[in-house]
Structure formats: structure tokens, C-alpha cells
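Numbering (UniProt numbering), first residue to last: 1 to 340.
Quick reminder that beta carbons are idealized off the backbone N, C-alpha and C, glycines included.
These numbers were taken from a predicted model, which means no experiment stands behind them.
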């Protein structure tokens, strides 16, 4: 009983400490953040949102005329028909059996680039390629160390944000079908917390062939070619500069969230209110900022609605429509405003 009380007391102290830190922190959006937005004159139009299964995590891609969403189980997807507004859970038994045989541990992201379905298993660590058209496993690629995110350049080439034992931090690497791993040279931001402060989202733009890395906790966007050579970097609108480490005594606040690439443009959902946005207006909407990935130029912003007060957890642009998956387990389709 004494041990239980000690544990309970420690947990209570931890909760109260976190609450105290949260209350005392200068949280953004209640005060000015030091930047303004230029909103495009044309607003978006929305198709009526509809429900998807609560296990939906992120937009994976398209196959066979349907949009697929990932779940916590790599062998379970949600197939969405945007025309009929229907969504159903799909279990890929053969893929599940394959991953079970490989003893793939939990923790993954996944994407579809038809006809291939890529499972990026962080902790295996490895990449599993499944051919959806043939309903057969295609290939397995083993990574040298754990990774946080990854994308496919083709069915045989991949880029990861992977732990480097040499640098003792997460760095970008490229894996080929020969089993070769090529590491970046000075592309990632420096950090003193193993790369936690530089965590983010890796994307690949088909039109320009560029790799784009969005940081969750600062305003820097990295742009590289597929050989992992830095092309350039640019800053977003906000003033949250990169730090060597995140302050463990402060709330961990993501300034950037869902994002996608389309025809050389980065569409990014910002979690920060601009100084020219009234708080009452901002709280009902999600600002999306647009940047040219080749020049870093800002092209304008527009609002998406916060459905039931919830934010967007994943988005993609399909056939010139922006598809957004919300945290309230709804999906919606929007027109894209014309750029000036």
C-alpha cells in the first residue's frame, strides 16, 4: 500500500507540475505573434463533410478510384469514395500475414503511390512494399537504424529521417534497392536533443522533384534534391526560430501541423494567429499558408473551417480539390483558391 501511495503521489505531482507550466506559459494566439497574413480574395467552397471510421489516421493516397486512409494497423485501411460519400474498413489479409511473419513491431506511417502501398515501419526498422494491383508482397528494405518519417521516390528508392549512430541525431538518408544507404551532408538543422527539436514532416513534390521538410516546432522549411543535396531553405511567416533543443519545462507547442504539396506549392496549416486576424474569427478557422517551394516565396493564405472546433490531421490535393481529414473523424473536400 505504501508503494502504491508513493506512485500515486508522484503521478499527481507530475500532473500538477504540467498544469502549472501550462498556466504560466506565454501561449500563442492570445497575444500578437509578430507577423501578418495576406488573405486571397477568393474563399473556398466546401462539399458537405461526412463521417469516416474513428480509426482513420492519415490520408495515404489513391488506388482504383478510391481514396485510402491509414489506421494504427498497417494491414487495415479505410477506403473512401468521395463521390458516393461512403467509407468502409478494408483488411488486407495477405499483407497482415506477411507483416506478422516478418514480426514487424508497432509504429508506422504508410502511403500509396498506385499500385504500390508502402509501409514505413519505424522500429523494425524497414520498408515493406505491397503491390495492391497484384495483391502480393513486392519487396522488403531494411534500414540501418530507427527512423521517424519516410517517403518513396520510386518502388526501389526511399528517403528517411533516420537515426545516425555517428552523429547521434536524426539525419536524412536515402536507401536504394542495392541495400546502399547514403547520408545527407549538413542538410538537417543542428540540435542538442537528438533531433527532437527538428522533428517534422518529409514530403516529395512530383512536379519539381524536390524534397520538402516541414518542421513542427519552428518556422524553417528545408528543400533538397533527391540526392540529398540542399537546394535552399526558407522561413514561414511566423517568427518562431529554430532552437538547439526544446525546453523540457515548457509546453511543447507545434506551430505547424498538416501540410501537402501540389504543383510546386506547399500548403501548410499554421497553428499560429497572425496579428491582423481577429481572435473571434481565427478560433473558428484554420489558416492555410501557401509557399512556392522553388523560390520560398509566399503566395497568400486562405481559411478552412474548424469542423466542430476540430483541426485537420491530414490533407492532400487530389484532382485540384483539397481533401482534409479532421480530428472529429470527418472528411471534407474544398476548392483551391486562385493565386494572385
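- For residue 66, the three-state secondary structure derived from DSSP is strand.
- Residue nearest to residue 276 within the set 308, 301 and 290 is 301 (criterion: CA-CA distance).
- In the displayed model, residue 280 falls within a helix according to three-state DSSP.
- Per DSSP, the continuous beta strand (DSSP E) segment holding residue 211 begins and ends at 211 to 215.
- When Cβ pairs closer than 8 Å are counted between the two stretches, the stretch 110 to 129 is seen to touch the stretch 145 to 165, the count reaching three or more.
- With a contact defined as Cβ atoms closer than 8 Å, residue 198 and residue 189 qualify at about 5 Å.
- With fewer than three CB-CB distances shorter than 8 Å, the stretch 38 to 54 does not count as touching the stretch 95 to 102.
- Taking 8 Å as the upper bound for CB-CB distance, residue 45 and residue 327 are not in contact here, some 22 Å apart.
- In this structure, residue 155 lies near residue 138, with their beta-carbon atoms less than 9 Å apart.
- Residue 193 sits away from residue 210, with the two beta carbons spaced by 9 Å or more.
- Remark: fewer than three beta-carbon pairs, one from each stretch, lie closer than 8 Å, so the stretch 285 to 304 and the stretch 52 to 69 are not flagged as touching.
- By the CB criterion at 9 Å, residue 62 and residue 75 fall outside the cutoff.
- For residue 332, the CB contacts under 6 Å within the same chain, skipping 5 residues up- and downstream, are 46, 49 and 324 in chain order.
- With a cutoff of 9 Å on beta-carbon distance, residue 314 and residue 244 are scored as not near each other.
- 9 Å or more divides the Cβ of residue 252 from the Cβ of residue 235.
- Listed in chain order, the beta strand (DSSP E) runs fully inside the stretch 250 to 307 are 256 to 262, 265 to 270, 285 to 292 and 298 to 305, counting runs of at least 3 residues.
- Nearest to residue 254 by C-alpha distance, out of 265, 237, 262 and 272, is 272.
- Look at residue 124 here: in three-state DSSP terms it is coil, with no helix or strand label.
- For secondary structure counted as the alpha helix (DSSP H) over 4 or more consecutive residues, the stretch 77 to 134 holds these complete runs in sequence order: 93 to 101.
- Looking at the backbone, the Cα of residue 265 and that of residue 161 are separated by about 22 Å.
- Shown here, residue 45 sits in coil according to DSSP, grouped into three states, outside any helix or strand.
- Rounded to the nearest whole angstrom, the CA to CA distance from residue 312 to residue 269 is 8 Å.
- Shortest Cα-Cα distance from residue 214 to any of 282, 183, 186 and 260 involves 260.
- Selection 65, 286, 274 and 306 evaluated against residue 36 yields 274 as nearest (Cα-Cα).
- A Cβ-Cβ separation of about 6 Å places residue 228 in contact with residue 172 under the 8 Å criterion.
- In the DSSP assignment, residue 171 forms a beta bridge with 162.
- Taking residue 91 as reference, the option from 73, 83, 106 and 105 with the minimal CA-CA separation is 73.
- According to the DSSP secondary-structure assignment, residue 316 is paired through a beta bridge with 323.
- Going by C-alpha positions, residue 81 is about 12 Å away from residue 89.
- A Cβ-Cβ contact shorter than 9 Å links residue 64 with residue 114.
- The C-alpha of residue 87 lies about 13 Å from the C-alpha of residue 71.
- For residue 285 against residue 304, the beta-carbon gap comes to about 7 Å, under 8 Å, which counts as contact.
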